[in-house]
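In full-length UniProt numbering, the protein residues as written are 1 to 317. Positions of the beta carbon are idealized from the N, C-alpha and C atoms, including for glycine. Working notes, beginning with the structure itself.
What follows is the structure in C-alpha coordinates.
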(Lines of atoms letter the chains of each structure in order from A and count residues from 1; the text may use other names and numbers.)
(Lines give C-alpha, C1' and ligand atoms only; values in the text may rest on other atoms or scores of the structure.)
Protein backbone atom coordinates (compact mmCIF):
# COMPACT_ATOMS: atom_id res chain seq x y z
CA UNK A 1 0.00 0.00 0.00
CA UNK A 2 2.88 2.39 0.80
CA UNK A 3 4.38 1.80 -2.64
CA UNK A 4 1.01 2.40 -4.30
CA UNK A 5 0.70 5.74 -2.52
CA UNK A 6 4.28 6.59 -3.43
CA UNK A 7 3.68 5.87 -7.13
CA UNK A 8 0.42 7.83 -7.10
CA UNK A 9 1.82 10.87 -5.26
CA UNK A 10 5.02 10.99 -7.32
CA UNK A 11 3.18 10.72 -10.64
CA UNK A 12 0.46 13.25 -9.86
CA UNK A 13 2.82 15.62 -8.06
CA UNK A 14 5.36 15.69 -10.88
CA UNK A 15 2.71 16.52 -13.50
CA UNK A 16 1.14 19.23 -11.33
CA UNK A 17 4.57 20.76 -10.62
CA UNK A 18 6.01 20.56 -14.15
CA UNK A 19 2.85 21.81 -15.90
CA UNK A 20 3.17 25.48 -14.86
CA UNK A 21 6.86 25.35 -15.85
CA UNK A 22 6.59 23.49 -19.14
CA UNK A 23 3.49 25.10 -20.67
CA UNK A 24 4.95 28.66 -20.77
CA UNK A 25 8.15 27.27 -22.31
CA UNK A 26 6.14 25.51 -25.02
CA UNK A 27 4.42 28.86 -25.67
CA UNK A 28 7.78 30.62 -25.97
CA UNK A 29 9.09 27.98 -28.36
CA UNK A 30 5.88 28.34 -30.39
CA UNK A 31 5.19 24.61 -30.10
CA UNK A 32 1.55 25.19 -30.98
CA UNK A 33 -0.87 22.65 -32.37
CA UNK A 34 -1.88 22.96 -36.03
CA UNK A 35 -5.57 22.22 -36.50
CA UNK A 36 -6.73 20.35 -39.61
CA UNK A 37 -8.80 22.53 -41.91
CA UNK A 38 -11.08 19.57 -42.66
CA UNK A 39 -11.80 19.11 -38.93
CA UNK A 40 -14.77 20.60 -37.04
CA UNK A 41 -14.83 24.39 -37.47
CA UNK A 42 -15.14 24.88 -33.70
CA UNK A 43 -11.64 23.43 -33.31
CA UNK A 44 -9.97 26.26 -35.24
CA UNK A 45 -10.02 28.32 -32.03
CA UNK A 46 -7.61 25.75 -30.54
CA UNK A 47 -4.92 26.53 -33.08
CA UNK A 48 -1.72 27.58 -31.33
CA UNK A 49 -2.49 25.74 -28.09
CA UNK A 50 0.83 24.21 -26.95
CA UNK A 51 1.30 20.55 -27.76
CA UNK A 52 3.89 17.97 -26.65
CA UNK A 53 2.48 18.12 -23.10
CA UNK A 54 2.94 14.36 -23.09
CA UNK A 55 6.50 15.08 -21.97
CA UNK A 56 5.28 15.80 -18.44
CA UNK A 57 3.08 12.65 -18.39
CA UNK A 58 5.81 10.25 -19.49
CA UNK A 59 8.43 11.91 -17.29
CA UNK A 60 6.11 11.45 -14.31
CA UNK A 61 5.34 7.81 -15.15
CA UNK A 62 9.01 6.89 -15.51
CA UNK A 63 10.19 8.66 -12.35
CA UNK A 64 7.25 7.42 -10.24
CA UNK A 65 7.74 3.85 -11.47
CA UNK A 66 11.48 3.88 -10.79
CA UNK A 67 10.86 5.36 -7.34
CA UNK A 68 8.09 2.97 -6.27
CA UNK A 69 8.35 -0.27 -8.24
CA UNK A 70 11.04 -2.95 -8.18
CA UNK A 71 12.91 -2.75 -11.47
CA UNK A 72 12.04 -6.26 -12.59
CA UNK A 73 12.55 -7.33 -16.23
CA UNK A 74 8.80 -6.87 -16.78
CA UNK A 75 8.84 -3.28 -15.49
CA UNK A 76 11.98 -2.46 -17.48
CA UNK A 77 10.39 -3.85 -20.64
CA UNK A 78 7.20 -1.85 -20.01
CA UNK A 79 9.31 1.30 -19.59
CA UNK A 80 11.26 0.49 -22.78
CA UNK A 81 8.04 0.08 -24.78
CA UNK A 82 6.66 3.32 -23.33
CA UNK A 83 9.83 5.31 -23.97
CA UNK A 84 10.24 3.80 -27.44
CA UNK A 85 6.81 5.07 -28.45
CA UNK A 86 7.54 8.34 -26.65
CA UNK A 87 10.55 8.90 -28.92
CA UNK A 88 8.43 8.18 -32.02
CA UNK A 89 5.72 10.55 -30.83
CA UNK A 90 8.24 13.26 -29.92
CA UNK A 91 9.84 13.07 -33.36
CA UNK A 92 6.39 13.19 -34.97
CA UNK A 93 5.39 16.29 -32.99
CA UNK A 94 8.79 17.94 -33.48
CA UNK A 95 8.54 17.60 -37.26
CA UNK A 96 5.00 19.01 -37.18
CA UNK A 97 5.55 22.04 -34.94
CA UNK A 98 9.21 22.88 -35.60
CA UNK A 99 9.76 21.73 -39.18
CA UNK A 100 6.20 22.84 -40.04
CA UNK A 101 5.45 19.60 -41.87
CA UNK A 102 1.86 18.97 -40.83
CA UNK A 103 1.91 15.18 -41.33
CA UNK A 104 4.95 14.63 -39.08
CA UNK A 105 6.73 11.31 -39.49
CA UNK A 106 5.89 9.38 -42.61
CA UNK A 107 3.69 6.33 -42.04
CA UNK A 108 6.54 4.01 -43.11
CA UNK A 109 8.95 5.62 -40.65
CA UNK A 110 6.51 5.36 -37.76
CA UNK A 111 5.65 1.75 -38.63
CA UNK A 112 9.34 0.80 -38.83
CA UNK A 113 9.90 2.22 -35.35
CA UNK A 114 6.91 0.33 -33.96
CA UNK A 115 8.07 -2.92 -35.60
CA UNK A 116 11.54 -2.54 -34.03
CA UNK A 117 9.96 -1.99 -30.60
CA UNK A 118 7.77 -5.07 -31.16
CA UNK A 119 10.78 -7.22 -32.13
CA UNK A 120 12.66 -6.25 -28.95
CA UNK A 121 9.49 -6.95 -26.96
CA UNK A 122 9.20 -10.43 -28.46
CA UNK A 123 12.86 -11.29 -27.88
CA UNK A 124 12.96 -10.07 -24.27
CA UNK A 125 9.48 -11.41 -23.53
CA UNK A 126 10.23 -14.95 -24.67
CA UNK A 127 13.91 -15.29 -23.74
CA UNK A 128 14.03 -13.33 -20.48
CA UNK A 129 10.48 -13.34 -19.12
CA UNK A 130 9.56 -16.76 -20.42
CA UNK A 131 6.35 -15.59 -22.09
CA UNK A 132 4.93 -18.47 -24.14
CA UNK A 133 2.83 -18.37 -27.30
CA UNK A 134 -0.51 -19.01 -25.64
CA UNK A 135 -3.37 -16.54 -25.33
CA UNK A 136 -5.89 -16.47 -22.52
CA UNK A 137 -9.53 -16.63 -23.60
CA UNK A 138 -11.72 -14.66 -21.15
CA UNK A 139 -14.98 -16.16 -19.80
CA UNK A 140 -14.01 -19.63 -21.12
CA UNK A 141 -10.85 -19.26 -18.99
CA UNK A 142 -8.71 -21.40 -21.27
CA UNK A 143 -5.23 -20.93 -22.70
CA UNK A 144 -4.81 -21.52 -26.42
CA UNK A 145 -1.40 -22.00 -28.01
CA UNK A 146 -1.34 -20.14 -31.33
CA UNK A 147 2.33 -20.77 -32.07
CA UNK A 148 4.05 -18.31 -34.37
CA UNK A 149 0.78 -16.44 -34.70
CA UNK A 150 1.42 -15.03 -31.23
CA UNK A 151 4.30 -12.92 -32.53
CA UNK A 152 2.02 -11.32 -35.10
CA UNK A 153 -0.49 -10.74 -32.31
CA UNK A 154 2.14 -8.88 -30.25
CA UNK A 155 2.93 -6.67 -33.25
CA UNK A 156 -0.78 -6.04 -33.86
CA UNK A 157 -1.45 -5.20 -30.21
CA UNK A 158 1.48 -2.75 -29.96
CA UNK A 159 0.83 -1.00 -33.27
CA UNK A 160 -2.94 -1.10 -32.93
CA UNK A 161 -3.17 0.17 -29.35
CA UNK A 162 -0.62 2.95 -29.71
CA UNK A 163 -2.31 4.24 -32.87
CA UNK A 164 -5.81 3.82 -31.40
CA UNK A 165 -4.97 5.96 -28.36
CA UNK A 166 -3.36 8.45 -30.74
CA UNK A 167 -6.64 8.68 -32.68
CA UNK A 168 -8.58 9.12 -29.43
CA UNK A 169 -6.57 12.22 -28.60
CA UNK A 170 -8.82 14.59 -30.52
CA UNK A 171 -10.86 16.38 -27.84
CA UNK A 172 -9.89 18.16 -24.62
CA UNK A 173 -9.40 15.54 -21.92
CA UNK A 174 -10.65 12.61 -23.99
CA UNK A 175 -7.45 10.56 -24.27
CA UNK A 176 -6.10 11.47 -20.82
CA UNK A 177 -9.40 10.54 -19.16
CA UNK A 178 -9.96 7.27 -21.00
CA UNK A 179 -6.33 6.20 -20.51
CA UNK A 180 -6.63 6.98 -16.79
CA UNK A 181 -9.69 4.73 -16.56
CA UNK A 182 -8.12 1.91 -18.58
CA UNK A 183 -4.83 2.03 -16.65
CA UNK A 184 -6.75 2.03 -13.37
CA UNK A 185 -8.55 -1.12 -14.48
CA UNK A 186 -5.26 -2.69 -15.52
CA UNK A 187 -3.74 -1.87 -12.13
CA UNK A 188 -6.43 -4.16 -10.67
CA UNK A 189 -5.82 -6.81 -13.36
CA UNK A 190 -2.11 -6.79 -12.53
CA UNK A 191 -2.86 -7.07 -8.83
CA UNK A 192 -5.29 -9.96 -9.42
CA UNK A 193 -2.75 -11.84 -11.57
CA UNK A 194 0.17 -11.35 -9.20
CA UNK A 195 2.00 -8.75 -11.28
CA UNK A 196 2.43 -6.30 -8.40
CA UNK A 197 5.38 -4.57 -10.07
CA UNK A 198 3.30 -3.75 -13.15
CA UNK A 199 0.38 -2.68 -10.92
CA UNK A 200 2.59 0.15 -9.64
CA UNK A 201 3.44 1.10 -13.23
CA UNK A 202 -0.29 1.28 -14.00
CA UNK A 203 -1.01 3.37 -10.89
CA UNK A 204 1.69 5.83 -11.98
CA UNK A 205 0.15 6.02 -15.46
CA UNK A 206 -3.36 6.51 -14.07
CA UNK A 207 -2.40 9.32 -11.70
CA UNK A 208 -0.19 11.08 -14.25
CA UNK A 209 -3.16 11.18 -16.64
CA UNK A 210 -5.57 12.32 -13.91
CA UNK A 211 -3.20 15.14 -12.94
CA UNK A 212 -2.74 16.09 -16.60
CA UNK A 213 -6.47 16.82 -16.77
CA UNK A 214 -5.70 19.88 -14.63
CA UNK A 215 -4.22 21.39 -17.79
CA UNK A 216 -5.91 19.34 -20.50
CA UNK A 217 -9.60 19.46 -19.52
CA UNK A 218 -11.81 21.81 -21.55
CA UNK A 219 -10.67 24.42 -22.39
CA UNK A 220 -7.26 22.78 -22.73
CA UNK A 221 -4.18 24.81 -21.88
CA UNK A 222 -1.97 22.13 -23.43
CA UNK A 223 -2.35 19.00 -25.59
CA UNK A 224 -0.42 15.80 -24.96
CA UNK A 225 0.34 15.43 -28.68
CA UNK A 226 1.69 12.25 -30.26
CA UNK A 227 4.46 12.52 -27.66
CA UNK A 228 1.94 11.45 -25.05
CA UNK A 229 -0.72 9.51 -26.93
CA UNK A 230 1.62 7.09 -28.73
CA UNK A 231 3.56 6.46 -25.52
CA UNK A 232 0.43 5.89 -23.43
CA UNK A 233 -0.97 3.53 -26.06
CA UNK A 234 2.31 1.64 -26.03
CA UNK A 235 2.26 1.51 -22.23
CA UNK A 236 -1.24 0.01 -22.09
CA UNK A 237 -0.33 -2.48 -24.82
CA UNK A 238 2.79 -3.43 -22.86
CA UNK A 239 0.75 -4.27 -19.77
CA UNK A 240 -1.73 -6.31 -21.83
CA UNK A 241 1.12 -8.35 -23.34
CA UNK A 242 3.10 -8.77 -20.12
CA UNK A 243 0.04 -10.00 -18.22
CA UNK A 244 -1.02 -12.24 -21.12
CA UNK A 245 -4.44 -10.50 -21.29
CA UNK A 246 -4.24 -9.35 -24.90
CA UNK A 247 -7.89 -10.19 -25.63
CA UNK A 248 -9.10 -8.55 -22.41
CA UNK A 249 -7.28 -5.40 -23.57
CA UNK A 250 -9.83 -5.05 -26.38
CA UNK A 251 -12.61 -5.01 -23.76
CA UNK A 252 -11.01 -2.61 -21.29
CA UNK A 253 -9.84 -0.44 -24.19
CA UNK A 254 -13.23 -0.57 -25.93
CA UNK A 255 -13.23 3.20 -26.57
CA UNK A 256 -9.86 2.98 -28.32
CA UNK A 257 -11.10 0.04 -30.41
CA UNK A 258 -14.16 2.04 -31.51
CA UNK A 259 -12.04 5.07 -32.43
CA UNK A 260 -9.71 2.97 -34.59
CA UNK A 261 -12.51 0.96 -36.21
CA UNK A 262 -14.43 4.12 -37.12
CA UNK A 263 -11.42 5.35 -39.13
CA UNK A 264 -10.94 1.98 -40.84
CA UNK A 265 -14.65 1.69 -41.70
CA UNK A 266 -14.77 5.27 -42.98
CA UNK A 267 -11.74 4.81 -45.26
CA UNK A 268 -12.93 1.46 -46.66
CA UNK A 269 -16.47 2.76 -47.24
CA UNK A 270 -15.31 5.94 -48.98
CA UNK A 271 -12.79 4.15 -51.18
CA UNK A 272 -15.21 1.39 -52.23
CA UNK A 273 -18.55 3.22 -52.43
CA UNK A 274 -17.65 6.91 -52.33
CA UNK A 275 -19.91 7.29 -49.28
CA UNK A 276 -19.08 8.04 -45.65
CA UNK A 277 -20.54 5.98 -42.82
CA UNK A 278 -19.79 8.67 -40.22
CA UNK A 279 -20.11 12.45 -40.47
CA UNK A 280 -16.41 12.50 -39.66
CA UNK A 281 -13.92 10.06 -38.19
CA UNK A 282 -12.60 9.28 -35.63
CA UNK A 283 -16.03 8.67 -34.15
CA UNK A 284 -15.84 11.41 -31.49
CA UNK A 285 -16.07 13.96 -34.32
CA UNK A 286 -19.20 12.18 -35.62
CA UNK A 287 -21.02 13.04 -32.41
CA UNK A 288 -19.63 16.58 -32.37
CA UNK A 289 -20.97 17.25 -35.86
CA UNK A 290 -24.26 15.69 -34.73
CA UNK A 291 -24.73 18.56 -32.30
CA UNK A 292 -23.14 17.27 -29.09
CA UNK A 293 -20.97 19.71 -27.16
CA UNK A 294 -17.34 18.69 -26.86
CA UNK A 295 -17.67 18.29 -23.09
CA UNK A 296 -20.66 15.96 -23.53
CA UNK A 297 -18.79 13.75 -26.00
CA UNK A 298 -15.84 13.49 -23.62
CA UNK A 299 -18.03 12.69 -20.60
CA UNK A 300 -20.02 10.03 -22.48
CA UNK A 301 -16.84 8.42 -23.79
CA UNK A 302 -15.39 8.43 -20.27
CA UNK A 303 -18.52 6.65 -19.03
CA UNK A 304 -18.32 4.10 -21.85
CA UNK A 305 -14.67 3.51 -20.94
CA UNK A 306 -15.63 3.06 -17.29
CA UNK A 307 -18.36 0.54 -18.09
CA UNK A 308 -16.01 -1.35 -20.44
CA UNK A 309 -13.37 -1.50 -17.71
CA UNK A 310 -15.89 -2.87 -15.19
CA UNK A 311 -17.02 -5.50 -17.73
CA UNK A 312 -13.38 -6.42 -18.34
CA UNK A 313 -12.72 -6.84 -14.61
CA UNK A 314 -15.82 -9.00 -14.23
CA UNK A 315 -14.42 -11.29 -16.91
CA UNK A 316 -11.39 -12.06 -14.75
CA UNK A 317 -11.49 -15.53 -13.10
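Open item on the list: For a test of the three-state rule: what should DSSP assign to residue 243, helix, strand or coil?
Closed with: coil
Task: residue 137 beta carbon less than 8 angstroms from that of residue 61 - done: For residue 61 and residue 137, no; Cβs fall outside 8 angstroms.
Task: Buried versus exposed, by CB contacts within 10 Å (16 or more), residue 258 - done: buried
Task: Cβ-based burial, residue 179 [other Cβ within 10 Å; buried from 16] - done: buried
Task: Boundaries of the alpha helix (DSSP H) in which residue 92 is found, first to last residue - done: For residue 92, the enclosing alpha helix (DSSP H) has its first and last residue at 73-97.
Task: Exposure label - residue 294; buried when at least 16 CB within 10 Å - done: buried
Task: Alpha carbon of residue 143 to alpha carbon of residue 132, nearest angstrom - done: 11 angstroms
Task: Residue of 184, 193, 147, 230 minimising C-alpha distance to residue 170 - done: The shortest C-alpha separation from residue 170 is found at 230.
Task: Beta-carbon contacts of residue 260 that lie in its chain and below 7 angstroms, excluding the five residues immediately before and after - done: 160, 163, 164, 167
Open item on the list: Taking the beta carbon of residue 174 as the centre, do at least 16 other beta carbons fall within 10 Å, making it buried, or is it exposed?
Closed with: buried
TODO: Using beta-carbon positions only, say whether residue 64 and residue 14 come within less than 8 angstroms of one another.
DONE: For residue 64 and residue 14, yes; Cβs fall inside 8 angstroms.
Open item on the list: For residue 252 and residue 308, which I take to be in contact (beta-carbon distance under 8 angstroms), what is that distance rounded to the nearest angstrom?
Closed with: 6 angstroms
TODO: Report yes if the C-beta distance between residue 216 and residue 176 is below 8 angstroms; otherwise report no.
DONE: yes
Task: CA nearest to the CA of residue 50, picked from 93, 12, 181 - done: 93
Open item on the list: Nearest by alpha-carbon distance to residue 97: which of 20, 48, 315, 192 is it?
Closed with: 48
Open item on the list: Using a 10 Å radius around the Cβ and a threshold of 16 neighbouring Cβ atoms, would you call residue 139 buried or exposed?
Closed with: exposed
Task: Under 8 angstroms between C-beta atoms of residue 313 and residue 242 - done: no
TODO: Go ahead and pull the three-state DSSP assignment for residue 136.
DONE: strand
- [ ] Give the single residue among 306, 55, 3 whose Cα lies nearest to the Cα of residue 68.
- [x] 3
Task: residue 81 beta carbon less than 8 angstroms from that of residue 235 - done: yes
- [ ] Within its chain, find whatever has a CB closer than 7 angstroms to the CB of residue 181; leave out the 5 residues flanking it on each side and keep chain order.
- [x] 302, 305, 306, 309
TODO: With hydrogens ignored, establish whether the beta-carbon of residue 250 is closer than 7 angstroms to any heavy atom of the ligand HEM.
DONE: For the structure depicted, the ligand HEM is absent and the ligand set is empty, with no information on it obtainable.
Open item on the list: Is it buried or exposed, residue 112, if we count other Cβ atoms within 10 angstroms and call 16 or more buried?
Closed with: exposed
TODO: Compare the beta carbon distance of residue 84 and residue 225 with 8 angstroms and say whether it is the shorter of the two.
DONE: no
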